[in-house]
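A quick write-up on the structure given underneath.
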Amino acid sequence: MVDEDFVKIEINAFLFNAGIVGFHYLLENMVAIKGQDYKIEENALFISKEFLEKSDLAQAYIDAHIQKFSEDATFTRICKEIESMESLTEKYAAEESKELKKILDDKYKYLLNNTGLARNSYFSACTILEEQGYKIDLSALCKNIKEVKDYQEKYIHLCKLKEVLIEEKVKETFLMKDIIYARINSIWSNRAFLNTSNSKKNMHDVYEKDFIAPLKGYLKDCKPIKNKKAKSCIECGVLLPKTIDISFLNDSVDDMSRKKSPFWDCKPDAYICPLCAFVYSLAPLGFQTLGRNLIFVNSNTSVEVLISTNKGIESKYKIKNSNKENEKYQLILNNMVQGIIAEKIVEQSNIQVIVRDKATERYKFTVIAKDILEVLNRCQKNLEKLKEISIEISPKVWISVYQEVLKNVFDRSNQYGLLNIILKNSLKENTLTIYLKNVVDIQIEMSGGTKMEKANADNAFYRGRDLRRLICGEKTKAQDADNKLRGFVYQLLNALQGNDREQFWNLVFRMYSSISVPVPKVFLETFSSEDELQYLGYAFVLGLKNEKYNSEDKVEEA
Ligand SMILES: [Zn+2]
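Numbered according to this note's numbering, the sequence shown spans residues 7 to 564.
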């Protein structure tokens, strides 16, 4: 929508919202002034018409994408690789070892073939640059370097080539080629520089022609018209004689035929106004990188929240995660949740996490429901204590307790299976298990978490600890006490695994009888349901195994 001085862009479905976040990134990168050039109010972003009209938006588009995505672009990697060759070349000149020769040959092979510089997108980059007065015969230059035999001379030629490539305009063109094929075309294609017939045309100019010229025309003369030929924008509803087909957005056509669009209402005539098309074209800037994939958090209560949520993820997790594509999705989700919670923007609704998967070319949606966010929020302290703990569950098979617990939270599965496995394992390996009390506490939170339940679990835990003391005496070493209790604990764990209340009760009753101590009240009064058996049972077992009681010979954690 356009009023006198400002255009107004309102929160909508996720991809449009990514466009809003992207727009904000663009504005910040242009050093636009908040309050003057743009305003943020609740669910809308306002941008000054005058600011948009006087700016070179196509250049701003290119600059913002380079700022955001160049760090892990192929061209950046190539330049770093070339830099790494100086010392290698010198070393080889001194040593002439076979190993160094092999390393150098591999590096040249990577750099000078289509894995590196001799790729089609860079050849078209050179064609584009030629118009601007740069004559770079990239193919011949690569071939020449290949033919030079002496490694020092070879390196001198390579450096000369690099000097040509890092000239500002050349670098920008090469980087932008990387970014449009690695990032932008994950979100949209077939338009501007991503239309195949435009691949050898100036990227600024084709973007200007397809997105900016229609936008500026619309801003200049934006009176909505009312005649039969007018079409309405599916995003903002404005009626216009000329609109833009939405098919440049990946998946839009596809999903229309399958009648389940992730981001718009399956309207058969899907057209948008130039302003909304521009917003969509900015969507890549709203995502954060996750290896080859892109990720966006749609927490759409307000524009501020939308921006800060996604920004929070970027600053904290982007660099850490960028090289770990195998990192478990749950962990990534949690990283984000931690970010969201840390920014204190847990709001009143569900959070939608969207990953654009480069390999499958699909959007993957995960909803973190409000109640799960609340559980995570309440369990931050418990989770924190599990962070560094890994257990070797069978030879060379390690599990991260933290990740497994989170997986259960996200999947809404209980933690009892995990507790059972780790406790049985600890009986064999004599490892410390006191940290598992945090897992029991998290489980209680997951299943409602009343004060009464927490108090009963603590009670069961302390009765377990008392029983350990009664059976083993105060001065017994932890290791000896463990040995004495091993069989009993093992049977209790079996009863819990089988959810066998009677068996559990019998074991507890016999143990207390054998030392002539009455069974504590907590067992008599509260074992009324299966869930109660589980969390009280595990709390009791953890008390029994509370090695910390004999702190002088504490077993180190694995
Ligand atoms: Zn519109």
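Cβ coordinates follow ideal geometry from the N, Cα and C atoms, glycine included. Note that the coordinates shown come from a computational prediction; the quantities given were computed from them, not determined experimentally.
Exposure of residue i, with buried meaning 16 or more beta-carbon neighbours within 10 Å
| i | result |
| --- | --- |
| Gly25 | buried |
| Phe217 | buried |
| Glu241 | buried |
| Ser419 | exposed |
| Trp270 | Because the pLDDT at Trp270 is just 48, under 50, the model does not fix this residue reliably, and the point stays unresolved. |
| Lys104 | exposed |
| Ala487 | buried |
| Ser305 | buried |
| Thr121 | exposed |
| Leu473 | buried |
| Val176 | buried |
| Ala466 | buried |
| Leu530 | exposed |
| Thr366 | exposed |
| Arg516 | exposed |
| Glu169 | exposed |
| Ile84 | buried |
| Lys149 | exposed |
Residue i and residue j closer than 8 Å at C-beta
| i | j | result |
| --- | --- | --- |
| Val415 | Ile378 | yes |
| Ile445 | Leu429 | Checking the sequence shown, residue 445 turns out to be Val, not Ile. Against a cut-off of 8 Å, the Cβ pair of Leu429 and Val445 comes out as no contact. |
| Ala66 | Tyr31 | no |
| Leu181 | Ala64 | no |
| Val547 | Leu498 | yes |
| Leu106 | Ile151 | no |
| Asn566 | Gly292 | Outside the displayed span of the chain (7 to 564) sits residue 566, for which this structure offers no information. |
| Lys60 | Val13 | no |
| Leu433 | Val514 | no |
| Phe81 | Asp184 | yes |
| Asn505 | Glu459 | no |
| Ser5 | Trp194 | Since the first and last residues shown for the chain are 7 and 564, residue 5 lies out of range. |
| Thr439 | Lys551 | yes |
| Gln421 | Gln449 | yes |
| Val309 | Ala38 | no |
| Met91 | Leu164 | yes |
| Lys115 | Glu87 | no |
| Asn431 | Ile395 | no |
| Val523 | Leu491 | no |
| Lys206 | Thr133 | yes |
Candidates the options, of which the one nearest residue i by Cα
| i | options | result |
| --- | --- | --- |
| Ser192 | Asn431, Val361, Ala146, Lys481 | Val361 |
| Ile399 | Asn436, Lys364, Glu48 | Asn436 |
| Ser127 | Glu105, Gln42, Asn208 | Asn208 |
| Asp447 | Glu538, Lys490, Tyr161 | Glu538 |
| Thr249 | Lys237, Phe29, Asp257, Asp417 | Lys237 |
| Glu102 | Gln158, Tyr224, Ile53 | Gln158 |
| Asp363 | Met36, Ile109, Ala188, Leu110 | Ala188 |
| Thr235 | Pro247, Asp227, Lys226 | The displayed chain sequence assigns Lys, not Thr, to residue 235. Ranking the options by Cα distance to Lys235, first place goes to Pro247. |
| Arg471 | Ile186, Tyr544, Leu530, Met452 | Tyr544 |
| Val575 | Gly41, Gly243, Phe302, Asn462 | Only positions 7 to 564 of the chain appear in the structure, and residue 575 is not among them; the question remains open. |
| Tyr541 | Gly479, Gln485, Leu442, Lys490 | Leu442 |
| Cys279 | Leu255, Lys215, Gly243 | Gly243 |
| Ser93 | Tyr161, Asp464, Leu491 | Tyr161 |
| Glu380 | Ile440, Gly455, Tyr422, Thr439 | Gly455 |
| Val27 | Tyr114, Ile46, Ile39 | Ile46 |
| Ser253 | Asn512, Lys222, Asn196 | Asn196 |
| Lys393 | Asn383, Tyr408, Phe29, Leu382 | Tyr408 |
| Ala219 | Ile190, Glu367, Leu58 | Leu58 |
| Ile17 | Arg516, Glu390, Thr307, Gln42 | Thr307 |
| Tyr224 | Leu245, Ser130, Lys206 | Leu245 |
| Asp227 | Leu281, Phe75, Phe510 | Leu281 |
| Ala283 | Leu312, Asn35, Leu255 | Leu255 |
heavy atom of ligand 1 below 7 Å from residue i C-beta
| i | result |
| --- | --- |
| Leu281 | yes |
| Glu241 | yes |
| Ile278 | yes |
| Val244 | yes |
Where the beta strand (DSSP E) containing residue i begins and where it ends
| i | result |
| --- | --- |
| Asp576 | Residue 576 is absent from the model: the chain starts at 7 and stops at 564. |
| Trp404 | 403-406 |
| Asn299 | 299-304 |
| Phe52 | 50-54 |
| Leu296 | 294-296 |
| Val13 | 12-16 |
First through last residue of the alpha helix (DSSP H) which encompasses residue i
| i | result |
| --- | --- |
| Glu178 | 174-185 |
| Ala461 | 457-478 |
| Val170 | 157-171 |
| Arg492 | 484-503 |
| Val514 | 507-520 |
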